[in-house]
Every structure is written in structure tokens, then in C-alpha cells.
Amino acid sequence: MMTEEKRLAACVAPLLSWYRAARRPLPWRAAPTPYRVWVSEIMLQQTRIEAVIPYFERFMAELPTLDALAAAGEERLLKLWEGLGYYSRARNLKKAAQQVTAQYGGELPDTAEELRKLPGIGDYTAGAIASIAFGQPEPAVDGNVLRVVMRLTACPDDVLEQKTRRRVADELRGIYPAGEDAGLLTEALMELGETLCVPNGEPACEACPLRALCLAHERGETALYPARSAKKERRREEKTVLLLRCGGRYALHRRAESGLLAGMWEFPSLEGKRSEEELLAALTEQGLHPEHLAALGAARHVFTHVEWHMTGYLVDCAEEAPGFTWATAGEIRRDYAVPTAFRAYRKQLA
Ligand code: SF4
């Protein structure tokens with residue numbers, strides 16, 4: 076039987092010719108400068124391509140160069156990122172841009188090893204930038220690539236283990252071309268995983284350029300790969316979210332500088348699911364004097380490790396309580412980065 080390495084090596088040519096014909100036109104693929112590749116790869120982490128496109132275009136229009144990113148104010152940056160989630164990505168982009176300005180004269184370094192030293196750039200992103208923007212023979216192994224490789228080689232290893240990822244990266248590095256084909260191979264593997272060798276449901280093997288080489292397909296076992304150990308359950312948190320309103324302005328609160336949604340603006344909230352009576356009692360105890368309460372309904376937001384189950388209320392107050400920042404609905408939409416987790420309530424601002 077063919078070794079894993081030979082099987083992977085045999086995939087390169089058919090994969091590249093398929094990709095040259097099949098690739099989708101995406102904004103970051105036009106003019107793939109190191110800066111554009113970097114920003115797009117960071118945005119694409121944990122986020123669907125279709126969702127990223129408008130964000131990428133707006134980001135490039137406002138911050139077209141690494142220098143502009145390094146000099147951008149935090150509020151502006153978070154506003155550009157609003158809705159994309161995982162906001163530490165935006166902060167790390169800026170930190171890394173400042174580091175590149177200070178240490179590398181404003182040009183991203185061209186090796187995966189140097190790129191990995193920058194904030195927010197791990198093995199995957201370093202490989203993507205090094206291969207796509209600089210033509211280095213360096214793979215970028217994400218969930219899509221792991222799935223494709225595990226199916227191709229019918230490998231039962233657990234893809235959630237770091238050592239599996241490292242082994243796949245090493246194997247791919249051994250067969251990677253250099254120059255323009257390096258970037259094309261990185262994109263081709265990702266594209267195959269996103270469009271044909273899909274994660275949920277049956278892969279589209281009949282349309283796949285690698286079907287004659289794919290061991291899982293040959294054995295009729297595509298559903299067995301990739302193998303993964305059971306994930307930990309997400310923690311569930313109940314919250315009562317408040318749109319505190321006073322004279323047309325709403326209360327905002329800034330989250331702590333570390334942890335989930337660090338430094339983002341949010342609507343005030345209380346732990347647990349509160350009834351109207353419980354809420355009235357809690358607000359009165361905090362020195363707020365609600366004049367009127369209206370239920371805004373339930374909402375749920377799922378993060379990687381925690382799920383928020385929220386109940387919302389609009390609370391009209393007689394005076395603006397201290398300890399909050401107060402802003403009109405228009406100001407909140409324009410100037411304050413309020414995470415998507417609060418979308419159900421943000422859209423009820425009037
Ligand atoms: S033949 Fe099917 S399982 Fe194998 S790589 Fe192609 S799409 Fe994936």
C-alpha cells in the first residue's frame with residue numbers, strides 16, 4: 076500500500092489544477108499582499124467566509140496599510156470589528172502591527188518562524204501568511220485541512236490532539252512546493268475542505284479531484300474520519316440584560332480588560348433569570364428608581380466554552396445613575412463596539 080507521504084505527494088498536482096479552475100473570487104485573493112493575507116486569515120478564524128467579506132472590505136478601506144493599523148485608535152478598531160466576535164483578535168492585530176513597525180521596519184517578516192513571534196499569530200496563521208504571501212513551503216493546518224488529510228489517509232488519530240496536528244503539518248511540509256504553488260496549495264486544501272470535503276454530512280466525493288487517491292472514499296468509510304474525542308460540555312450562564320433608559324439615553328458598561336469580550340461595551344446585566352418583581356427589588360436596592368419596566372424577550376448566545384441564556388428588560392429611570400456611560404441609540408450604533416452577543420437587545424434601542 077502507498078505510504079501516507081506518497082499519497083499526499085500524489086495529491087499535489089491534481090489539487091492544484093482543480094483549484095486553478097475552481098477557486099472562488101474573494102477580495103483577499105485579489106492582490107494578496109502580506110498585510111491583506113494576514114488580516115483576512117485573522118478574520119477567517121472561527122468565522123464564515125461570507126460573513127468576513129464585508130468586514131474585510133470595510134477594514135481595508137479604513138486601514139489600508141499596516142502603518143494605518145498600528146496607528147488606529149482602539150475604539151475605531153473595535154468598531155470595525157463589531158459583530159465579528161473574538162475581539163482579542165483585533166487587539167492582537169494592532170499589537171502585532173506596532174511590533175512589526177518597531178522591529179521589522181513596517182514589513183511583515185517572511186518566515187513562519189518569525190511570524191509566530193507576533194501576537195495573535197499561531198502555527199496556522201504563520202503557515203498561511205508564509206505560503207500565500209511569501210511562497211514559502213510551509214503548510215497551514217486548520218480543521219479543514221486536517222479533515223481532508225485524515226480522510227485521504229484513513230487515519231484514525233484524534234484531530235483534537237496537538238500531536239496529530241503537528242504530525243500532519245510535518246508530513247505536509249515534506250511534500251510542499253515553493254513559490255506561487257505553495258500559496259495555491261494552502262488555499263486549495265482549505266477550499267477543498269470548505270466546498271467538497273465538508274464537515275457536516277456527506278462529502279462530495281464524486282466531484283473531488285482526489286477521489287482516486289482517497290483511502291476513506293475507496294473503503295466507503297468517509298463518515299469515520301476525522302476521529303475526535305468527546306468535547307467538554309459548554310457552561311451555561313443565565314443573565315438578565317437591562318436597557319436602562321433615561322431621557323433618550325441608555326446606560327453602557329465597559330467589561331473588564333481581560334477575559335471574555337475584554338474591554339467591550341455592554342448593556343448592564345444581573346446574574347440569573349429575574350422576574351419583574353425580583354428585578355424591581357434588585358434595582359431599588361442598587362439606588363436606581365425605575366419608573367417603568369417592559370420585557371424584551373429571551374435571547375441566547377453561544378461562545379466557545381460558555382452559553383449565555385438571557386432575558387431582557389427595558390427599564391425607564393428617573394435619573395442617569397452614576398457608574399455608567401450614557402449614550403443615545405445613534406451614538407451607541409456609531410461609536411460604541413457592543414458585541415453581537417447583545418444583538419437581540421441592541422436592535423431594540425429606539
Ligand atoms: S474523495 Fe471524498 S473524502 Fe476523499 S478527500 Fe475527496 S471529498 Fe474528501
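In our numbering, the protein residues as written are 76 to 425.
C-beta: ideal position from N, C-alpha, C; glycine also.
task = Between the Cα of W340 and those of R330, E346, R349 and L271, spot the shortest distance and give me the residue it belongs to.
result = Locating residue 340 in the sequence shown gives position 265, counting from the first residue. Nearest of R330, E346, R349 and L271 to W340, Cα basis: R330.
inquiry  = Considering only heavy atoms of the ligand SF4 and the C-beta of each residue, which residues fall inside 7 Å, strictly closer?
reply    = V223, R226, L227, L267, L271, C272, P278, A279, C280, C283, L285, R286, C289, A291, H292 and T297
ask   = Does the separation of the CB atoms of G195 and A171 fall below 8 Å?
value = In the sequence shown, residue 195 corresponds to position 120, counting from 1. In the sequence shown, residue 171 corresponds to position 96, counting from 1. Contact flag set, yes.
inquiry  = Given this structure, state the Cα-to-Cα distance separating V243 from L319, to the nearest angstrom.
reply    = One-based indexing of the sequence shown puts residue 243 at position 168. One-based indexing of the sequence shown puts residue 319 at position 244. Cα to Cα, V243 sits roughly 52 Å from L319.
query = Identify the residues that DSSP records as bridge partners of S344: which are they?
reply = Here residue 344 is taken as the residue at index 269 of the sequence shown, counted from 1. Its beta-bridge partners are V316.
query = In terms of alpha-carbon separation, which member of T228, E332, V234 and I204 lies closest to I117?
reply = On the sequence shown, residue 117 is found 42 positions in, with the first residue counted as 1. For I117, the nearest C-alpha among the options comes from I204.
message = Could you check whether the segment 152-162 touches the segment 119-126, counting it as contact only if at least three pairs of C-beta atoms, one from each stretch, sit closer than 8 Å?
response = yes
ask   = Mapping DSSP to helix, strand and coil, what is M118?
value = Here residue 118 corresponds to residue number 43 of the sequence shown, with the count starting at 1. Assigned with DSSP and collapsed to three states, M118 falls in helix.
inquiry  = Beta-carbon within less than 8 Å of R222's beta-carbon, same chain only, minus the 5 sequence neighbours each way: which residues are those?
reply    = Walking along the sequence shown from the start, residue 222 turns up at place 147. Hits under 8 Å: V234, G268, C272, P274, Y300 and P301.
query = What do you reckon, are the CB atoms on T239 and D232 nearer than 8 Å?
reply = Locating residue 239 in the sequence shown gives position 164, counting from the first residue. Locating residue 232 in the sequence shown gives position 157, counting from the first residue. Yes, Cβ-Cβ distance for T239 and D232 is below 8 Å.
ask   = Hey, does A165 have any beta-carbon neighbour from chain C nearer than 8 Å?
value = Absent here is chain C; the protein component of the structure consists of one chain.
task = With DSSP as the reference, label Y130 as helix, strand or coil.
result = One-based indexing of the sequence shown puts residue 130 at position 55. Three-state result, Y130: helix.
message = Our contact map puts A208 next to P107 with C-beta atoms below 8 Å; I'd like the distance itself, whole angstroms only.
response = Residue mapping note: residue 208 aligns to position 133 of the sequence shown, counting from 1. Residue mapping note: residue 107 aligns to position 32 of the sequence shown, counting from 1. Contact flag correct, Cβ pair sits at about 6 Å.
ask   = Would you call D217 buried or exposed, if buried means 16 or more other Cβ atoms sit within 10 Å of its Cβ?
value = The count along the sequence shown starts at 1 and reaches residue 217 at position 142. Buried, by the Cβ-count rule.
request  = Might you give, ordered along the chain, the residues of its own chain that have their beta carbon closer than 7 Å to the beta carbon of K411, omitting 5 neighbours on each side?
outcome  = If you number the sequence shown from 1, residue 411 lands on position 336. This sequence places Tyr at residue 411; Lys is not what is there. Closer than 7 Å at Cβ, skipping near neighbours: L327, W340 and A402.
Other residues of its chain near V381: CB distance less than 8 Å, five sequence neighbours each side excluded = Translated into the one-based positions of the sequence shown, residue 381 becomes position 306. The answer, listed in chain order, is R309, R310, R311, E312 and L335.
message = Nearest by alpha-carbon distance to C39: which of R421, A165 and V390 is it?
response = As shown, the chain starts at 76 and ends at 425. That puts residue 39 outside it, with no answer to give.
Range covered by the alpha helix (DSSP H) that runs through V243 = Residue 243 sits at position 168 when you count from the first residue of the sequence shown. Per DSSP, V243 belongs to the alpha helix (DSSP H) from Q237 to I250.
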